[in-house]
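Residue 869 in the numbering used here sits at position 502 of the sequence shown; the count goes up by one each step and never skips. Backbone N, C-alpha and C define an ideal beta-carbon position, used for all residues, glycine too. Since this is a predicted model, take the numbers as computed values, not measurements. Notes for the one structure printed next.
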Amino acid sequence: MKHRRIPVPIRLLSYARPYKARVFVACVSLAGLTAFQLIGPKLVGYAIDQGVNASKDGDITVAHGSLRTLLIAAGLITAAAAARGIFQFWQSYTGEWVSQRIAYDIRNDIYNHLQRMSFAYHDKAQTGQIMQRATQDVEGVRMFVSLGFIRLMYVVVLLIATLILMVTTDWQLALLSWVFIPPTAAIAIRMTSQLRPIWMQVQNLQGELGVVLQENLSGMRVVKAFGREDYEKRKFNDQAQKLFENSYATNRIQATYSPIINGVWAFAMVATAWFGANQILHGNLKPGDLAVFMLYLTMLQLPVRSLGFITLLWARAGTSGQRIYDILDAESAVQEKAGAAELKGVTGHVRFDDVSFGYDVISPVLRHVNIDAKPGEVVALLGQTGSGKTTVVNLMPRFYDVTGGSITIDGVDIRDATLASLRRTFGIVQQDVFLFSATIRDNIAYGASNATDEDVVRVAKLARIHDFIETLPDGYDTWVGERGVTVSGGQKQRISIARTLLLDPKILVFDDSTSSVDTETEYLIQQALAELMKGRTTFVIAQRLRTVKSADQILVLKDGNIVEHGRHEELIKRGGPYSEIYDLELRDQEEAFEQEKERLAQVDATGGVEAVASVAGGGS
Numbered sequence: 368m369k370h371r372r373i374p375v376p377i378r379l380l381s382y383a384r385p386y387k388a389r390v391f392v393a394c395v396s397l398a399g400l401t402a403f404q405l406i407g408p409k410l411v412g413y414a415i416d417q418g419v420n421a422s423k424d425g426d427i428t429v430a431h432g433s434l435r436t437l438l439i440a441a442g443l444i445t446a447a448a449a450a451r452g453i454f455q456f457w458q459s460y461t462g463e464w465v466s467q468r469i470a471y472d473i474r475n476d477i478y479n480h481l482q483r484m485s486f487a488y489h490d491k492a493q494t495g496q497i498m499q500r501a502t503q504d505v506e507g508v509r510m511f512v513s514l515g516f517i518r519l520m521y522v523v524v525l526l527i528a529t530l531i532l533m534v535t536t537d538w539q540l541a542l543l544s545w546v547f548i549p550p551t552a553a554i555a556i557r558m559t560s561q562l563r564p565i566w567m568q569v570q571n572l573q574g575e576l577g578v579v580l581q582e583n584l585s586g587m588r589v590v591k592a593f594g595r596e597d598y599e600k601r602k603f604n605d606q607a608q609k610l611f612e613n614s615y616a617t618n619r620i621q622a623t624y625s626p627i628i629n630g631v632w633a634f635a636m637v638a639t640a641w642f643g644a645n646q647i648l649h650g651n652l653k654p655g656d657l658a659v660f661m662l663y664l665t666m667l668q669l670p671v672r673s674l675g676f677i678t679l680l681w682a683r684a685g686t687s688g689q690r691i692y693d694i695l696d697a698e699s700a701v702q703e704k705a706g707a708a709e710l711k712g713v714t715g716h717v718r719f720d721d722v723s724f725g726y727d728v729i730s731p732v733l734r735h736v737n738i739d740a741k742p743g744e745v746v747a748l749l750g751q752t753g754s755g756k757t758t759v760v761n762l763m764p765r766f767y768d769v770t771g772g773s774i775t776i777d778g779v780d781i782r783d784a785t786l787a788s789l790r791r792t793f794g795i796v797q798q799d800v801f802l803f804s805a806t807i808r809d810n811i812a813y814g815a816s817n818a819t820d821e822d823v824v825r826v827a828k829l830a831r832i833h834d835f836i837e838t839l840p841d842g843y844d845t846w847v848g849e850r851g852v853t854v855s856g857g858q859k860q861r862i863s864i865a866r867t868l869l870l871d872p873k874i875l876v877f878d879d880s881t882s883s884v885d886t887e888t889e890y891l892i893q894q895a896l897a898e899l900m901k902g903r904t905t906f907v908i909a910q911r912l913r914t915v916k917s918a919d920q921i922l923v924l925k926d927g928n929i930v931e932h933g934r935h936e937e938l939i940k941r942g943g944p945y946s947e948i949y950d951l952e953l954r955d956q957e958e959a960f961e962q963e964k965e966r967l968a969q970v971d972a973t974g975g976v977e978a979v980a981s982v983a984g985g986g987s
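Dropping the structure here:
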């Protein structure tokens, strides 16, 4: 793409465009700061030459002071210093404001872009690397804007103006001092060239360390269950050691070259002072002019030495910016079509017409799948792990796009609908239930921000989680730990179901939603869902017999193909793949389920459980 040919640091500066007024103020402040900084040495020279007049009386030098002139010079120097301070404040304040706003915008762009990316991107992305780019890399860009770009303008202006003023003060001294500028700049640039690849490695290692830490914290239960604490500690220490070594290497390089730069510049000061003193003795230079020149030479040290630092910031910004644009330039595999229409008045008629899909061109996951789910039907998907069940339900809301064929809802190709309206049509309980670090109420109402407390309680009862919540000390205000670690698998499932029910969708997708609950809990959930599913098209991925037997259609998948299709009774009679699954996995469930059903019915008859078959009932 065209923007890829633009140098990354220059491209980053496009973020400053909305803040042109602030950048202008920063530039004006920078100009004022530079002007008053350059005036200072001239005022010192004026004070020496006019305030203290030296004359020769034989072999004795006699100074004739002028107190009035010295007071005027002192006042001007003080005023110039005060003005310089004011301009420096506004330059620093405005420059920092612009850099912080740019960092803010970049972080928001990264976050918003990640929200738009399809599942295909997130399947491959590493969370630790993304977090590193949204924090440390953005901070590198912020420093570049504040110190690299604005400071570069300051350094360039100061360098040119100082060189001109040095020539006008004494061209011989200027030529002598300029001899030391190239080696100083060369050493600074040499230092930067060595630091650049190490900084790149440091930034990558910070991201890798973040990945190790994130995986370890997320998988802490697995680590402890398998007794792998020492292994994880060694893995983290190895990454931390690499980061230490590279970070230390940058400090070692800076510690090596900085004294050399200081030594070269000190020698320049000595040579200039010696030559200037000789010029004064021969009457070719006034003492004030030498003082002015030495001050300019001292001032010149800042821009010359800053070249290496600024070059480093530009190099780091290039590295950080490239890592940031690796995210921002990534295109989602799922794109909303121009002129896409809103899905309205959906009844829930879902059709798969010769659908094929593969995560890459050489590994097909689905092959020529045909499904016709009429409004209100329950479609059960069965098959071994990897047969394509989850892929089928992920294609409907366009988490991935089909690579062949088409999917329609009420006759509308889902690629012709807006993504927002399409996904509002679905209520999804995913296989990997995720709960946020928030209250139970917030987790249930996550998809419906305008839901009332009554709505939350209603769906909690439908999901058979209300009674459990009521037993908690804080009820619905109970805080759920990170990823829901403070509740059991079955409780998480029911909270997730309640969250989905609150959306009141036309199409329901339950991805193995009752696989982690016991038989009694499943029975209670299914009783509630039986009424809820009426009038809604429902796709269920389940290994539970209750769901399978009540389904209007059972689709048996194998290697991405639908190998059998029908209802429970007719598929049992055929003696095909479904019959094998039933004998191996479902027959024992049927016997256990009938026993549990009889037990619950007896308890209900004696009043021990209130209305287990009622949609509005409790149950934990």
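CA-CA distance, residue 793 and residue 870?
-> 9 Å
Candidates 552, 951, 682, 456: which alpha carbon is nearest residue 996's?
-> Residue 996 lies beyond the residue range present for the chain, which begins at 368 and ends at 987; the question has no answer from this structure.
Leaving out the 5 sequence neighbours to the left and right, which residues in its chain are closer than 6 Å to residue 908 when beta-carbon positions are compared?
-> 748, 756, 878, 879
Is residue 500 near residue 373, with beta carbons less than 7 Å apart?
-> no
The region 635–649 touching the region 657–664, judged by at least three CB pairs closer than 8 Å | yes
Out of 729, 520, 451, state which residue places its alpha-carbon closest to the alpha-carbon of residue 391.
-> 520
Is it the case that the Cβ atoms of residue 773 and residue 844 are separated by a distance below 7 Å?
-> no
Euclidean distance between Cα positions of residue 498 and residue 575 | 11 Å
Counted within 10 angstroms of its Cβ, other Cβ atoms place residue 348 as buried (16 or more) or exposed | Since the first residue of the chain shown is 368 and the last is 987, residue 348 is not available in this structure.
First and last residue of the alpha helix (DSSP H) that includes residue 373?
-> Careful: residue 373 lies outside any alpha helix (DSSP H) and carries neither H nor E.
Look at residue 401 and residue 530 and say whether their C-beta atoms are less than 7 Å apart.
-> no
Exposed unless 16 or more other CB atoms sit within 10 angstroms - verdict on residue 730 | Counting Cβ neighbours within 10 Å, residue 730 comes out exposed, since fewer than 16 surround it.
Starting from residue 773, follow its DSSP beta bridges and name the residues at the other end.
-> 720
Helix, strand or coil for residue 834, going by three-state DSSP, please let me know.
-> helix
Name the one or two DSSP bridge partners that residue 930 has.
-> According to DSSP, which records beta bridges pairwise, residue 930 is partnered with nothing at all.
Using DSSP bridges, identify the partner residues of residue 796.
-> 877
If we ignore side chains and look at the alpha-carbon of each, how far apart do residue 811 and residue 838 end up?
-> Roughly 17 Å between the two C-alpha positions.
Look up residue 738 in the DSSP assignment and say whether it is helix, strand or coil.
-> strand
Residue 931 to residue 376, Cα distance in whole Å?
-> 58 Å
For the alpha helix (DSSP H) holding residue 505, just list the boundary residues, first then last.
-> 505–510
Keeping to the same chain, check which residues put their C-beta closer than 8 Å to that of residue 784; ignore five residues upstream and five downstream.
-> Within the same chain, residue 784 has close Cβ partners 707, 708, 709, 710, 776.
Quick one: using the 10 Å Cβ neighbour count with 16 as the cut-off for buried, is residue 404 buried or exposed?
-> buried
For residue 455, the first and last residue of its enclosing alpha helix (DSSP H) = 434–483
Whole-Å CB distance - residue 513 paired with residue 458, under 8 Å assumed | Contact flag wrong, Cβ pair sits at about 10 Å.
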